[in-house]
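J.: First the structure, which I've put down as structure tokens, then a few questions once you've had a look.
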Amino acid sequence: MKILKVELPVNSYEICIGACVKNAGNFFKDRGIESKILIITDSNVGKLYGKTLSDCLTDAGYSAAIAEIPAGEEHKSLFTVENLYNVCLKNNLNRDSLIVALGGGVVGDISGFAAATFMRGIQYVQMPTTLLAQVDASVGGKTGVNLKESKNLIGSFHQPLLVYTDISVLKTLKKREFASGLAEVIKCGLIGDPEFFDFLLNNLKKVIELEPETVSHVVYECCRFKKGIIEKDEKEQGIRAVLNFGHTIGHAIEAVTEYRKYMHGEAVSLGIVCASRISNKLGLLDGKIVESIENLLIDAGLPVRHSLNTDKVIERLIYDKKVKDGNVRFVLLNGGIGKTIMVGTVSSDLIKDILLEVKQ
Ligand SMILES: NC(=O)c1ccc[n+]([C@@H]2O[C@H](COP(=O)([O-])OP(=O)(O)OC[C@H]3O[C@@H](n4cnc5c(N)ncnc54)[C@H](O)[C@@H]3O)[C@@H](O)[C@H]2O)c1
Ligand SMILES: [Zn+2]
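In case it helps, our numbering puts the sequence shown at residues 31 to 390.
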């Protein structure tokens, strides 16, 4: 098992990569956890790993109940959170209780938000089961839910007590879901480290085939990069915004399609294509790099062309929380892989041109 430590002024925590769901009970005990536990999972993950987790927690002496929410981004809502509060009450959770989020980014975000707000905040453990959640969503303490108008509009920063990552559960993910996670992995390579981007260019096949060492390296590198950013800017007052590369247009696309047409990573893939092309149009990025980025996304099984109404996407951008003084703020690449810049004044005409350029 590889362990990274996120060092924060308060609430530092470990990310344990290569842990096993079935060993969680003993691991929690070793870490001195004594709380009553509510496992929150979704209808897919619950069937696959819910019992393994609840049995191992019970075997280790914990009182562990399980709450299952319906799977899918459309259930990342206040309605689901309200139901969860009721489950918390029914199970007599108190301020010392612990929520364990067993699932993808949706379960992680919603469980984290329920934990942040139930009785003004209780602790939670992230047990991410999608690639996307293992490389990104489980780390950093951003929790929340969607409103119909915009994604992640309601939320809170609430760092987990622990991130406990079992890579072997990725084998039951559908191809499309795995690819969705690769979008965040590629994002990490683009904004983080040219060496890691090259590693992805050379090893993508091994990642897709779930070669354990390679997947473990990818999860570790992405978490290491994100941890470094969060340690500098826990609450996104500055540098953490670079993690939104590809997300400005990505989020708008998700909202326009009511979170149904694209998975998060697929929308981010389209957002990465647009942000890279905008960088190129502004003279910040070589066209050849844009091409290699698009090819890597295609090889990962991600969409690089859309068939959406471009005006609707632009309308949605104005709801985006990155809008400042009427201008759309973008994270762009500036001079090559790993070099980012925040640009506050990308015109809607340019965005429209690019969206039309990448229309099917
Ligand atoms: N908090 C953050 O910093 C952050 C960062 C990135 C993304 N996110 C959020 O994460 C969400 C997307 O996460 P996601 O892509 O993991 O989606 P998801 O949670 O909806 O999971 C995708 C699908 O895979 C299923 N699944 C999960 N694990 C499985 C497994 N091991 N085997 C079989 N099926 C499994 C789920 O039931 C679901 O149907 C979005 O809401 C996004 O906003 C949050
Ligand atoms: Zn994302």
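Where is the CB? At the ideal position from N, CA and C, for every residue including glycine.
For clarity, every value in this text was computed on a predicted model and none was experimentally measured.
Hey, how far is the Cα of Glu-64 from the Cα of Tyr-92?
T.: Cα to Cα, Glu-64 sits roughly 8 Å from Tyr-92.
J.: Where are the alpha helix (DSSP H) runs, 4 residues long or more, that stay fully inside the region 301-352, in chain order?
T.: Within the region 301-352, the complete alpha helix (DSSP H) runs of at least 4 residues are 317-329 and 340-347.
J.: Leaving out five residues on either side along the sequence, give the residues of the same chain with a beta carbon under 7 Å from the beta carbon of Ile-184.
T.: Same-chain partners within the cutoff: Leu-108, Gly-174, Val-175 and Leu-177.
J.: Out of Asn-122, Val-249, Val-75 and Gly-151, point me to the one whose CA is closest to Val-6's CA.
T.: Residue 6 is absent from the model: the chain starts at 31 and stops at 390.
J.: Helix, strand or coil for Thr-82, going by three-state DSSP, please let me know.
T.: Helix at Thr-82.
J.: Output the boundary residues of the alpha helix (DSSP H) element that contains Ala-95.
T.: Unbroken run through Ala-95 is the beta strand (DSSP E), 94-99; no alpha helix (DSSP H).
J.: With 16 as the cutoff for other CB atoms within 10 Å, does Lys-181 come out buried or exposed?
T.: Buried, because 16 or more other Cβ atoms sit within 10 Å of the Cβ of Lys-181.
J.: Going by DSSP, name the residue or residues bridged to Thr-71.
T.: Answer by DSSP bridge pairing, in chain order: Glu-98 and Leu-132.
J.: Report yes or no: do three or more beta-carbon pairs, one from the region 250-257 and one from the region 325-345, lie closer than 8 Å?
T.: Short answer: they don't touch.
J.: Specify the secondary structure class of Met-372 as computed by DSSP and reduced to three states.
T.: In the structure shown, Met-372 sits in a strand (DSSP, three-state: E or B).
J.: Can you tell me where the beta strand (DSSP E) with Gly-185 in it begins and where it stops?
T.: Run containing Gly-185: 184-187, per the beta strand (DSSP E) assignment.
J.: Look at the alpha carbon of Val-18 and the alpha carbon of Asn-325, and state the distance between them as a whole number of angstroms.
T.: The question about residue 18 has no answer here: the residues shown for the chain are numbered 31 through 390.
J.: For ligand 2, is there a heavy atom less than 7 Å away from the beta-carbon of Glu-214?
T.: Yes, ligand 2 has a heavy atom inside 7 Å of this Cβ.
J.: From what residue to what residue does the alpha helix (DSSP H) around Thr-287 run?
T.: Here Thr-287 belongs to no alpha helix (DSSP H), and DSSP marks it neither H nor E.
J.: Give the list of continuous beta strand (DSSP E) stretches no shorter than 3 residues that lie fully inside the region 163-207.
T.: 172-175, 184-187 and 192-195, all fully within the region 163-207.
J.: From Leu-231 to Asn-122, what distance separates their C-alpha atoms?
T.: Cα to Cα, the separation comes out at about 50 Å.
J.: Less than 7 Å between C-beta atoms, sequence neighbours within five positions excluded: which residues of the same chain meet that for Ser-299?
T.: The answer, listed in chain order, is Ala-213, Leu-327, Leu-332, Pro-333 and Val-334.
J.: For the alpha helix (DSSP H) holding Leu-231, just list the boundary residues, first then last.
T.: Its alpha helix (DSSP H) spans residues 224-238.
J.: Flag Val-298 as yes when its Cβ comes closer than 7 Å to any non-hydrogen atom of ligand 2, and as no otherwise.
T.: Indeed, a heavy atom of ligand 2 lies less than 7 Å from the Cβ.
J.: List the endpoints of the continuous alpha helix (DSSP H) containing Glu-387.
T.: 378-387 is the span of the alpha helix (DSSP H), which, as asked, contains Glu-387.
J.: What is the DSSP secondary structure of Val-51, reduced to helix, strand or coil?
T.: Three-state DSSP puts Val-51 in a helix.
J.: Rank Val-245, Ile-197 and Lys-205 by C-alpha distance to the C-alpha of Val-215 and give the top, closest one.
T.: Residue Val-245 is the option with its Cα nearest to Val-215.
J.: Taking just the CA atoms, how far does Gly-268 sit from Tyr-43?
T.: Spanning the two alpha carbons is a distance of roughly 22 Å.
J.: Are the region 156-164 and the region 124-133 in contact at 8 Å, needing three or more beta carbon pairs?
T.: Output reads yes: the region 124-133 touches the region 156-164.
J.: Identify, in the order they occur along the chain, each residue of the same chain with its Cβ nearer than 7 Å to the Cβ of Ser-141, setting aside the five sequence neighbours on each side.
T.: Ile-70, Ile-129, Ala-131 and Tyr-154, listed in sequence order.
J.: Please state whether the Cβ-Cβ distance between Gly-301 and Gly-276 is less than 8 Å.
T.: Yes.
J.: Assuming Ser-186 and Met-293 form a contact by the criterion Cβ under 8 Å, report the distance between their Cβ atoms to the nearest whole angstrom.
T.: That belief does not hold up - the Cβ atoms of Ser-186 and Met-293 are roughly 24 Å apart, past 8 Å.
J.: Find the nearest neighbour of Asp-228 within the set Asp-89, Leu-192 and Gly-368, judged by alpha-carbon distance.
T.: Of Asp-89, Leu-192 and Gly-368, the residue nearest in Cα terms is Gly-368.
J.: Hey, would you say Thr-202 sits closer than 8 Å to Leu-83, going by beta carbons?
T.: Taking 8 Å as the Cβ cut-off, Thr-202 and Leu-83 do not qualify as a contacting pair.
J.: Tell me whether Tyr-157 sits in a helix, a strand or coil according to DSSP, three-state version.
T.: Residue 157 is actually Met in this sequence, not Tyr. Strand.
J.: DSSP on Phe-360, reduced to helix/strand/coil?
T.: Phe-360: strand per DSSP, three-state reduction.
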